[in-house]
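There are 2 protein chains.
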Amino acid sequence: MAAQDADIFDDMRHRLITGEFGYGTKLRAEKLRHDYNCSASTVREVLFRLSTVGLVEFQEQRGFRAPVQSVERQHELTHMRILLETEGACLSIRMGGVEWESRLTAAHHKLSHIETRVRSSGDLIPLLGLWSRAEQEFHETLIDACGSGLLMRTHAVIYEQFRQQLVSAETNYGYFPENIREHQAILDAALQRNEDLMRVCVNDHLARNLTRPMPRKAQPEALGKSSAI
Amino acid sequence: MAAQDADIFDDMRHRLITGEFGYGTKLRAEKLRHDYNCSASTVREVLFRLSTVGLVEFQEQRGFRAPVQSVERQHELTHMRILLETEGACLSIRMGGVEWESRLTAAHHKLSHIETRVRSSGDLIPLLGLWSRAEQEFHETLIDACGSGLLMRTHAVIYEQFRQQLVSAETNYGYFPENIREHQAILDAALQRNEDLMRVCVNDHLARNLTRPMPRKAQPEALGKSSAI
DNA sequence: TACGCGCAAAATTTCGAAAATCAAAGAAAA
DNA sequence: TTTTCTTTGATTTTCGAAATTTTGCGCGTA
Chain A
0 MAAQDADIFD DMRHRLITGE FGYGTKLRAE KLRHDYNCSA STVREVLFRL STVGLVEFQE
60 QRGFRAPVQS VERQHELTHM RILLETEGAC LSIRMGGVEW ESRLTAAHHK LSHIETRVRS
120 SGDLIPLLGL WSRAEQEFHE TLIDACGSGL LMRTHAVIYE QFRQQLVSAE TNYGYFPENI
180 REHQAILDAA LQRNEDLMRV CVNDHLARNL TRPMPRKAQP EALGKSSAI
Chain B
0 MAAQDADIFD DMRHRLITGE FGYGTKLRAE KLRHDYNCSA STVREVLFRL STVGLVEFQE
60 QRGFRAPVQS VERQHELTHM RILLETEGAC LSIRMGGVEW ESRLTAAHHK LSHIETRVRS
120 SGDLIPLLGL WSRAEQEFHE TLIDACGSGL LMRTHAVIYE QFRQQLVSAE TNYGYFPENI
180 REHQAILDAA LQRNEDLMRV CVNDHLARNL TRPMPRKAQP EALGKSSAI
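Same order as they appear, the protein sequences are chains A and B.
Each residue of the first sequence is one higher than the one before, starting from 0 at the first, in numbering that gives the first Met the number 0.
Each residue of the second sequence is one higher than the one before, starting from 0 at the first, in numbering that gives the first Met the number 0.
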């Protein structure tokens, strides 16, 4: 029985991202232990580890619960993703080589293939799992030549919470055509190595998740950027 | 006894930030339990929670250890701090009111007072605790009108790790005069509500940590055998 | 000498129950 | 009726030991 803990962790993560638990629900170790027939302590540990990546919230003396969904939270997650992903993508442009380009192209190809199938079928749901993984891989590849493991790990954490928020919204197809175009635009910006364009593309792609726009200055993105790592 | 867990957490955090544990040292619950006389499980939990904020690293089936110090890590932390803090500060300028200005001024005043004392005595060490808290409060106040709890929490996590990295370097006084000037400049930028200037100031203030090499030797027993400190 | 195998010690994880803490319902006082 | 106190039930935290996994070391073999 190897790595029981890890299995439970993965399964719980899946259940959380999938939205199985109502947002804000209390996650009681004593209940959950039956799903995996293990002890409560083991579940407790898993919950701690899930809180490490922001998928559950922990409060001293009052246990764990699934995070509450709210417009504010959604906005904060989106905003943070924009911040991290534009930075990561621009750094990748600066530091990544042909090898990065090719990996990104590959990831995009896979994603694109799935998205085309979705478009022609008109129904996202049966391919949701596949698409979800492919999108994640594309976005992770986009920033993975940035040279900062910390940036990537932080982004991964935000990304998962973001996905947790969106899971219900995504299932109703909605903005798929735009999605396809935007992913293409991001790939193009990368291959052109155009950082400013990249900023715009990433922003457009993600900003749709803002029902209410973040307060922004009228003037375009400032030029004085932070120095490279 | 109330909140035993929390006490241990705070104490361990302090010990970690203080650099008491050699970087990369294994943190064995079985050893640590004697320091607090509690069970190993309790220590284990605390370690999990510390890993939530990046102060210790956890690896499946091979326990916990204090993070290894390295130039790369230092650079990644610095870079991330710049990213988060410029964004947070600019958002605060955009969204914060007079009330924010006054809080920031207050925090700066406290910090400034301590820094002046340090300068005239020429020795940081006796005031290190005070100064450290004041600096943290200043930087936290700087971004605390940004409107995103997520941004602030993320920044707090990075900040602590950053401090953990610097703890030894800070104690040798070094760049104090510049520090004073830079904190003033940041306050000025805030009161002028000049975002571009703010970006420059925050960048200058933090970027100094990019060139400075790590002043600490690698821990010989970091991997493999036990041989505690 | 180098390499692989297996045993023993050390470290980590898991367990079920006891102890501590919190929250809700009910009783007593105003 | 409202407020405050107390008891009771539920939940969370802590414990020490047993089960599992990793690691270190010695031994035999090429």
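Backbone N, C-alpha and C fix where the C-beta goes; we use that ideal spot for every residue, glycine too.
Computed from a predicted structure; not experimentally measured.
Using 8 Å as the limit for Cβ to Cβ distance, is Phe47(B) near chain A?
So, interface residue.
Within the same chain, show all residues whose beta-carbon is closer than 7 Å to that of Asp4(B), passing over the 5 residues directly before and after it, in chain order.
Same-chain partners within the cutoff: Thr41, Glu44, Val45.
Measuring CB to CB, does Thr51(B) end up less than 8 Å from Thr51(A)?
Contact flag set, yes.
Would the region 201-209 of chain A and the region 68-87 of chain A be scored as touching if the rule is three or more Cβ pairs under 8 Å?
Result yes; three or more Cβ-Cβ pairs closer than 8 Å.
Pull out every residue of the region 76-108 of chain A whose Cβ sits closer than 7 Å to any Cβ of chain B, in chain order.
Within the region 76-108 of chain A, the residues whose Cβ lies closer than 7 Å to some Cβ of chain B are Leu76, His78, Met79, Leu82, Glu86, listed in chain order.
In terms of residues, what are the limits of the alpha helix (DSSP H) holding Ala206(A)?
Its alpha helix (DSSP H) spans residues 194-206.
Going along chain A in order, which residues have a C-beta closer than 9 Å to the C-beta of Gly148(B)?
Going along chain A in sequence order, the residues near Gly148(B) (Cβ under 9 Å) are Glu71, Arg72, Glu75.
Going by the beta-carbon positions, is the gap between Thr24(A) and Phe161(A) smaller than 8 Å?
Taking 8 Å as the Cβ cut-off, Thr24(A) and Phe161(A) do not qualify as a contacting pair.
Starting from Ser50(B), find everything on chain A with Cβ-Cβ shorter than 8 Å and list it in chain order.
Going along chain A in sequence order, the residues near Ser50(B) (Cβ under 8 Å) are Thr51.
Three or more beta-carbon pairs under 8 Å between the region 177-195 of chain B and the region 109-119 of chain B, yes or no?
The region 177-195 of chain B, when compared against the region 109-119 of chain B, does touch it at the 8 Å Cβ threshold.
For the alpha helix (DSSP H) holding Ser119(A), just list the boundary residues, first then last.
Per DSSP, Ser119(A) belongs to the alpha helix (DSSP H) from 97-120.
Which residues in the same chain have their Cβ closer than 6 Å to the Cβ of Phe63(B), if we skip the five residues on either side of it in sequence?
Excluding positions up to five away in sequence, the list reads Leu26, Leu46, Val55, Phe57.
Could you pull out every residue in the same chain whose Cβ sits closer than 7 Å to the Cβ of Ala232(B), ignoring the five residues on either side in sequence?
The requested residue 232(B) does not occur in the structure, where chain B is confined to residues 0 to 228.
Span of the alpha helix (DSSP H) holding Ile124(B)?
Ile124(B) -> no alpha helix (DSSP H), and no H or E assigned at all.
Residues of chain A with CB closer than 9 Å to the CB of Glu44(B), please, in chain order.
By Cβ distance, chain A contributes Arg43, Glu44, Phe47.
Please look up how many angstroms separate the CB atoms of Leu75(B) and Ser147(A), rounded, as I've assumed it's under 8 Å.
For the record, residue 75(B) in the displayed sequence is Glu; it is not Leu. Correct: roughly 5 Å between the Cβ atoms.
Is it true that the CB of Glu194(A) sits closer than 8 Å to the CB of Ile92(A)?
Yes, the Cβ-Cβ distance between Ile92(A) and Glu194(A) is below 8 Å.
Work out the CA separation of Ala144(B) and Arg192(B) for me, nearest whole Å.
The alpha-carbon atoms of Arg192(B) and Ala144(B) are separated by roughly 13 Å.
On the three-state DSSP scale, how would you describe Phe63(A)?
Looking at Phe63(A) - three-state DSSP - the assignment turns out to be strand.
To the nearest angstrom, report how far apart Ile157(B) and Arg116(A) are at their CA atoms.
Approximately 41 Å, taken between the alpha carbons.
So which residues on chain A does Glu159(B) lean against when the C-beta distance must stay under 7 Å?
Chain A residues near Glu159(B): none, gap ~13 Å exceeds 7 Å.
Ends of the alpha helix (DSSP H) at Gln183(B)?
Its alpha helix (DSSP H) spans residues 175-191.
Pick helix, strand or coil for Leu31(A), following the three-state DSSP scheme.
Three-state DSSP puts Leu31(A) in a helix.
Under the criterion of a Cβ to heavy atom distance below 7 Å, does Glu114(B) qualify as lining the ligand PLP?
As far as ligands go, the structure on display features none, and thus does not contain the ligand PLP.
Are the beta-carbon atoms belonging to Leu149(A) and Met151(B) less than 8 Å from one another?
In this structure, Met151(B) does not lie closer than 8 Å to Leu149(A) by Cβ.
Mind pulling the chain B residues with CB within less than 9 Å of Glu194(A)?
The premise fails here: Glu194(A) is roughly 15 Å from chain B at the closest Cβ pair, so nothing lies under 9 Å.
When the Cα of Ser101(B) is compared with those of Cys37(B), Phe175(B), Asp187(B), Glu29(B), which residue comes out closest?
Nearest option by C-alpha distance: Asp187(B).
Which residue wins for smallest C-alpha separation from Phe175(B), given the options Gly96(B), Arg12(B), Leu196(B), Arg118(B)?
The residue with the shortest Cα to Cα distance from Phe175(B) is Arg118(B).
How about Gly223(A): is its C-beta nearer than 8 Å to some C-beta of chain B?
Because Gly223(A) sits at a pLDDT of 30, beneath the cut-off of 50, its placement in the model cannot be relied upon, and the point is left open.
Could you compute how far the alpha carbon of Val199(A) sits from the alpha carbon of Asn178(B)?
Val199(A) and Asn178(B): Cα-Cα distance of roughly 35 Å.
Between Asn36(B), Ala28(B), Ser69(B), which has its C-alpha nearest Gln163(B)'s C-alpha?
Selected option, being the one with the closest Cα: Ser69(B).
Going straight from the alpha carbon of Asp122(A) to that of Ser131(A), what length do you get?
Their backbone Cα atoms lie some 14 Å apart in a straight line.
My understanding is that Tyr22(A) touches Pro66(A), with C-beta atoms under 8 Å, so please give their C-beta distance in whole angstroms.
With a Cβ gap of about 7 Å, Tyr22(A) and Pro66(A) count as contacting.
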